[in-house]
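Here the structure comes first, spelled out in structure tokens, and everything after it is commentary.
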Ligand SMILES: NC(=O)C1=CN([C@@H]2O[C@H](COP(=O)(O)OP(=O)(O)OC[C@H]3O[C@@H](n4cnc5c(N)ncnc54)[C@H](OP(=O)(O)O)[C@@H]3O)[C@@H](O)[C@H]2O)C=CC1
Ligand SMILES: O=C(O)CCC(=O)C(=O)O
Ligand SMILES: [Mg+2]
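Residue numbers (UniProt numbering): 1 to 739.
Next comes the structure, spelled out in structure tokens:
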């Protein structure tokens with residue numbers, strides 16, 4: 001029987017799954033569809049990686065590896081929920097929890113001492129950061145806010161903080177000595193393989209990476225970020241934030257850029273706390289403090305010290321915080337700054353949240369304040385600069401009248417920066433780094449480097465680019481909106497890409513379509529002007545802007561990127577349906593555990609399921625699947641019309657109640673249709689029962705709220721406890737389980 005593969009992930013979406021999946025399974029089996037759960041949670045991936053350390057009964061299959069293979073097959077249909085992209089502190093927490101539960105897995109060796117530890121570290125480094133999405137994304141992305149979602153936002157606008165012309169909020173970026181300014185790029189004529197070689201000042205050579213195979217037509221770039229320039233920039237920005245009286249905040253993507261960005265983050269920690277690191281250098285070395293893991297990890301490490309010594313370091317940290325500029329806070333109640341954990345502030349979500357909040361972030365007193373948003377590399381910082389300037393000039397956007405900005409993103413086969421972590425290096429000594437063609441011996445790309453610089457190489461293959469151009473044209477055709485390629489002719493990589501876009505566009509019928517190429521800054525202004533005037537503009541972008549813009553625009557337009565339709569047509573014919581464009585909302589879990597209210601909105605899951613069913617219907621010629629998909633569409637629209645999304649407050653409708661409404665509307669739509677008598681007869685009594693028992697079910701669901709919940713763990717929760725907590729209405733469960 002052809003299957004739909006659903007993913008077990010982490011945090012809020014994983015909790016929601018235990019309530020929603022039983023409904024999905026019950027409904028889809030009436031069309032002969034099996035829905036199978038695959039475990040790609042952080043804990044699951046860790047356990048699956050170390051079978052040799054485990055008892056037989058503890059071993060589990062590596063579902064991510066399996067899904068990665070399936071993503072290349074034509075019959076695959078995957079619904080992918082957001083998962084944790086773990087920073088080192090999160091990885092360590094997850095490992096500790098799993099070990100405590102009796103799994104004999106190794107700890108993460110930060111500083112491997114022997115070959116075995118090297119191997120363990122290498123295995124963990126594959127689990128670290130954004131390790132799921134790049135494996136599954138064997139296609140480019142098509143993300144947009146569906147019409148019903150836009151209509152809902154127009155009728156029920158979310159709050160938007162007003163912008164003042166006098167706002168001191170701004171973006172600070174390097175512009176010199178950074179990845180953008182040092183980039184070199186070329187397109188390969190023939191397939192070959194290359195090596196990356198560091199030639200030290202003394203002539204000694206170190207092969208940083210060997211045998212990178214490249215295809216004909218592939219674009220490769222290399223670039224370097226100067227440590228000296230970065231440190232000078234950070235020092236100047238910290239001082240300037242203090243002088244201007246604005247918050248200092250750093251916006252990185254330490255998850256997807258898992259090698260470079262934690263290093264940059266670590267430099268910010270070391271510069272901000274320069275006196276502390278200088279004074280306690282030896283102690284920190286002895287403790288194995290790694291600034292890249294953030295201030296929180298440092299504070300944990302010094303707990304090992306004698307009381308007096310710990311207190312003196314804590315006092316020095318407090319002094320640095322008082323003497324420095326005000327810092328943007330992740331949680332002001334708990335004193336968590338934006339330098340505590342590298343994965344707490346993630347640029348795609350953090351910048352739009354700031355822009356929605358009048359350009360302000362939270363200070364230590366819990367009040368919002370104008371902010372200096374530090375984005376060291378200048379490749380994409382200009383997009384935010386222009387957006388902030390636009391808001392200063394025109395005021396905040398109005399969700400009731402603004403247009404929409406769908407995105408077509410180049411993403412397949414680890415495209416561009418987001419595929420670069422295995423070719424990113426913190427340079428150990430001065431010299432040159434070169435990309436050398438192993439077939440001809442020629443040096444393809446070369447940079448002068450200094451100790452501590454971050455060098456990286458990116459690739460993007462030709463087939464994904466062709467597919468991306470095709471997808472852009474087909475979206476422009478389907479929506480009749482203008483499509484803008486956000487590419488900068490003055491940037492080395494983009495200049496290569498522009499040549500290909502210009503070569504491939506004529507392969508398609510573009511008559512009557514409005515397709516342009518503009519630099520990211522110009523495209524921002526052009527798009528924002530149209531957006532404000534209620535007009536729609538498709539952004540066609542590379543991988544990083546795909547990520548940034550699919551949080552930026554949805555958050556401004558519809559309040560959250562959880563409401564995005566996020567389709568990945570896999571290049572070999574399968575379908576990957578991502579749910580929303582946001583993350584796993586750890587804050588939501590915190591609320592659920594303390595007061596039994598889960599405010600996660602599963603709308604992204606509903607939308608993904610709809611398109612997944614359509615894809616299934618088409619691929620398998622399954623007419624019932626199409627009827628289920630159409631009915632689900634109608635149900636989702638009604639769900640939005642009747643405003644049945646979870647509330648934020650305890651004792652009101654939460655995620656579980658919202659699933660009840662979706663199920664009721666879905667059953668009602670199936671009962672009302674006349675295309676399939678069998679489905680009609682199955683769902684007519686179900687719809688009646690759900691409708692009749694609405695208030696009883698809601699009482700059962702809402703009464704279960706209000707007290708702390710124990711699900712037996714955070715990363716490795718107890719499935720039975722989660723299921724119990726997420727399905728507290730016996731009346732509802734009985735109806736669903738009897739379909
Ligand atoms: N596709 C993926 O797998 C992705 C994974 N991630 C991972 O997710 C984690 C958290 O990332 P973070 O950047 O904090 O972003 P999140 O998107 O998880 O959270 C930011 C805020 O967005 C809102 N939000 C997001 N999704 C929903 C939803 N379904 N329902 C209601 N509100 C929602 C909430 O806002 P409010 O508080 O205002 O209600 C939430 O607090 C990280 O581990 C990150 O690596 C991040 C992005 C994508
Ligand atoms: O994989 C990740 O870590 C995040 C992905 C993401 O933010 C996105 O694709 O929008
Ligand atoms: Mg994102």
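Glycine residues also receive a C-beta, built at the ideal position from the N, C-alpha and C atoms.
All figures in this text were calculated on a predicted structure; none of them were measured in a lab.
| Between the beta-carbon of residue 461 and the beta-carbon of residue 215, is there less than 8 Å? | Locating residue 461 in the chain shown gives position 461, counting from the first residue. Locating residue 215 in the chain shown gives position 215, counting from the first residue. It is a contact, given that the beta carbons lie within the stated cut-off.
| My guess is that residue 293 and residue 88 are in contact by the Cβ rule of under 8 Å, so how many angstroms apart are they, rounded? | As a first step, residue 293 must be located in the chain shown, where it is residue number 293. As a first step, residue 88 must be located in the chain shown, where it is residue number 88. Cβ atoms of residue 293 and residue 88 come within 8 Å of each other, at about 5 Å.
| Validate contact between the region 94-110 and the region 44-57 using beta carbons, cut 8 Å, 3 pairs | Under the Cβ criterion (8 Å, minimum of three pairs), the region 94-110 counts as touching the region 44-57.
| query | Any heavy atom of ligand 3 closer than 7 Å to the CB of residue 581? | reply | In the chain shown, counting from the first residue as 1, residue 581 sits at position 581. Yes, the beta carbon of residue 581 sits closer than 7 Å to at least one heavy atom of ligand 3.
| query | CA-CA distance, residue 304 and residue 329? | reply | For the purposes of this step, residue 304 is taken as the residue at position 304 of the chain shown. For the purposes of this step, residue 329 is taken as the residue at position 329 of the chain shown. Their Cα atoms are separated by approximately 26 Å.
| Check: residue 560 C-beta below 7 Å from any heavy atom of ligand 2 | Against the chain shown, residue 560 aligns to sequence position 560. Outside the cutoff, so no.
| Span separating the alpha-carbon of residue 530 from that of residue 403 | Reading the chain shown from its first residue, position 530 is the one you call residue 530. Reading the chain shown from its first residue, position 403 is the one you call residue 403. One alpha carbon belongs to residue 530, the other to residue 403, and they sit about 7 Å apart.
| message | Please list the terminal residues of the continuous beta strand (DSSP E) segment that includes residue 79. | response | Residue mapping note: residue 79 aligns to position 79 of the chain shown, counting from 1. Counting along the chain, the beta strand (DSSP E) containing residue 79 begins and ends at 77-80.
| Hey, how far is the Cα of residue 415 from the Cα of residue 568? | In the chain shown, the residue the question calls residue 415 occupies position 415. In the chain shown, the residue the question calls residue 568 occupies position 568. Taking the straight line from one Cα to the other gives about 14 Å.
| query | Unbroken alpha helix (DSSP H) runs of length 4 or more, entirely within the region 482-521: which are they? | reply | Scanning the region 482-521 from its first residue to its last, the whole alpha helix (DSSP H) runs of 4-plus residues come out as 492-504.
| query | Could you give the distance in angstroms between the alpha-carbon of residue 632 and the alpha-carbon of residue 673? | reply | Mapped onto the chain shown, residue 632 falls at position 632. Mapped onto the chain shown, residue 673 falls at position 673. Rounded to whole angstroms, residue 632 and residue 673 show a C-alpha spacing of 12 Å.
| said: Can you check which of these residues, 263, 282, 378, is closest to residue 182 by C-alpha distance? | reply: Here residue 182 refers to the residue found at position 182 when the chain shown is read from its first residue. Ranked by how close their Cα comes to the Cα of residue 182, the residues 263, 282, 378 have 378 in first place.
| request: Keeping to the same chain, check which residues put their C-beta closer than 7 Å to that of residue 271; ignore five residues upstream and five downstream. | output: Mapped onto the chain shown, residue 271 falls at position 271. Cβ neighbours of residue 271 beyond the five flanking positions: 231, 234, 235, 238.
| Same chain only: Cβ atoms within 6 Å of residue 604, ignoring 5 sequence neighbours per side | Position 604 of the chain shown, counted from the start, is the residue given in the question as residue 604. Cβ within range, chain order: 562, 579, 580.
| query | What are the start and end residues of the alpha helix (DSSP H) that includes residue 385? | reply | Start at 1 with the first residue of the chain shown, and residue 385 comes out as number 385. First-last of the alpha helix (DSSP H) with residue 385: 381-394.
| request: Can you tell me which of 4, 28, 43 puts its alpha carbon nearest to the alpha carbon of residue 718? | output: Within the chain shown, residue 718 is the residue found at index 718, counting from 1. Of 4, 28, 43, the residue nearest in Cα terms is 43.
| task | Assuming residue 417 and residue 219 form a contact by the criterion Cβ under 8 Å, report the distance between their Cβ atoms to the nearest whole angstrom. | result | Position 417 of the chain shown, counted from the start, is the residue given in the question as residue 417. Position 219 of the chain shown, counted from the start, is the residue given in the question as residue 219. In this structure residue 417 does not touch residue 219 by the C-beta definition: roughly 12 Å separates them, more than the 8 Å allowed.
| query | Do residue 467 and ligand 2 come close, with the Cβ less than 7 Å from some heavy atom? | reply | Here residue 467 refers to the residue found at position 467 when the chain shown is read from its first residue. For ligand 2, not one heavy atom lies less than 7 Å from the Cβ of residue 467.
| message | Nearer than 7 Å: is that true of the beta carbon of residue 133 relative to any heavy atom of ligand 1? | response | The count along the chain shown starts at 1 and reaches residue 133 at position 133. Yes, the Cβ of residue 133 comes within 7 Å of a heavy atom of ligand 1.
| task | For residue 737, I'd like the list of residues in its chain whose CB is within less than 8 Å of its CB, leaving aside the five on either flank, ordered along the chain. | result | Locating residue 737 in the chain shown gives position 737, where the first residue counts as 1. Around residue 737, the same chain offers 22, 26 as residues with beta carbons nearer than 8 Å, after the five sequence neighbours per side are excluded.
| In three-state DSSP terms, what is residue 667? | Looking up residue 667 in the chain shown gives position 667. Residue 667: helix per DSSP, three-state reduction.
| How many Å lie between residue 493 and residue 178 at the Cα? | Working through the chain shown from its first residue, we reach residue 493 at position 493. Working through the chain shown from its first residue, we reach residue 178 at position 178. Going by C-alpha positions, residue 493 is about 14 Å away from residue 178.
| request: May I ask whether a heavy atom of ligand 1 can be found less than 7 Å away from the beta carbon of residue 587? | output: For the purposes of this step, residue 587 is taken as residue 587 along the chain shown, with counting starting at 1. Taking non-hydrogen atoms of ligand 1 into account, the C-beta of residue 587 is found less than 7 Å away from one of them.
| said: Any heavy atom of ligand 4 closer than 7 Å to the beta-carbon of residue 362? | reply: Inclusion of ligand 4 in the displayed structure is not the case, the ligand content consisting of ligand 1, ligand 2 and ligand 3 alone.
| said: Would residue 553 and residue 650 qualify as a contact pair, given that the criterion is a beta-carbon distance under 8 Å? | reply: Here residue 553 corresponds to residue number 553 of the chain shown, with the count starting at 1. Here residue 650 corresponds to residue number 650 of the chain shown, with the count starting at 1. No, Cβ-Cβ distance for residue 553 and residue 650 is not below 8 Å.
| request: Could you confirm whether any beta carbon from chain C is found closer than 8 Å to the beta carbon of residue 167? | output: Any reference to chain C falls outside this structure, which holds one protein chain only.
| said: In chain order, what are the residue ranges of uninterrupted beta strand (DSSP E) at least 3 long that sit wholly in the region 53-95? | reply: You should have 77-80.
| What number of angstroms, rounded off, separates the C-alpha of residue 576 from the C-alpha of residue 92? | Against the chain shown, residue 576 aligns to sequence position 576. Against the chain shown, residue 92 aligns to sequence position 92. Going by C-alpha positions, residue 576 is about 30 Å away from residue 92.
| request: From the DSSP output, in three-state form, read off residue 730 for me. | output: Position 730 of the chain shown, counted from the start, is the residue given in the question as residue 730. If DSSP states are grouped into helix, strand and coil, residue 730 belongs with the helices.
| request: May I ask you to report which of helix, strand or coil DSSP gives residue 366? | output: In the chain shown, the residue the question calls residue 366 occupies position 366. Under the three-state reduction of DSSP, residue 366 is assigned to coil, being neither helix nor strand.
| query | Does DSSP put residue 249 in a helix, a strand or coil? | reply | Here the question's residue 249 lines up with position 249 in the chain shown. It is a strand residue.
| message | At a cut-off of 7 Å, would you count residue 255 as near ligand 1, judging by its Cβ distance to the nearest heavy atom? | response | If you number the chain shown from 1, residue 255 lands on position 255. The answer is yes for residue 255.
| task | Mind checking which residues open and close the alpha helix (DSSP H) that includes residue 38? | result | The residue given as residue 38 occupies position 38 in the chain shown. Under the DSSP assignment, residue 38 falls outside any alpha helix (DSSP H), being part of the beta strand (DSSP E) whose first and last residues are 34-39.
| Where residue 735 and residue 690 are concerned, what is the direct C-alpha to C-alpha distance, given to the nearest angstrom? | Working through the chain shown from its first residue, we reach residue 735 at position 735. Working through the chain shown from its first residue, we reach residue 690 at position 690. So the two alpha carbons sit approximately 7 Å from each other.
| said: Can you confirm whether the region 366-375 touches the region 161-172 when touching is taken to mean that 3 or more C-beta pairs between the two stretches lie within less than 8 Å? | reply: Yes: at least three Cβ pairs fall under 8 Å.
| field | Any non-hydrogen atom of ligand 1 closer than 7 Å to residue 141 Cβ | value | Along the chain shown, read from residue 1 onward, the residue named residue 141 stands at position 141. Proximity of the beta carbon of residue 141 to ligand 1 is not indicated: no heavy atom of the ligand is located closer than 7 Å.
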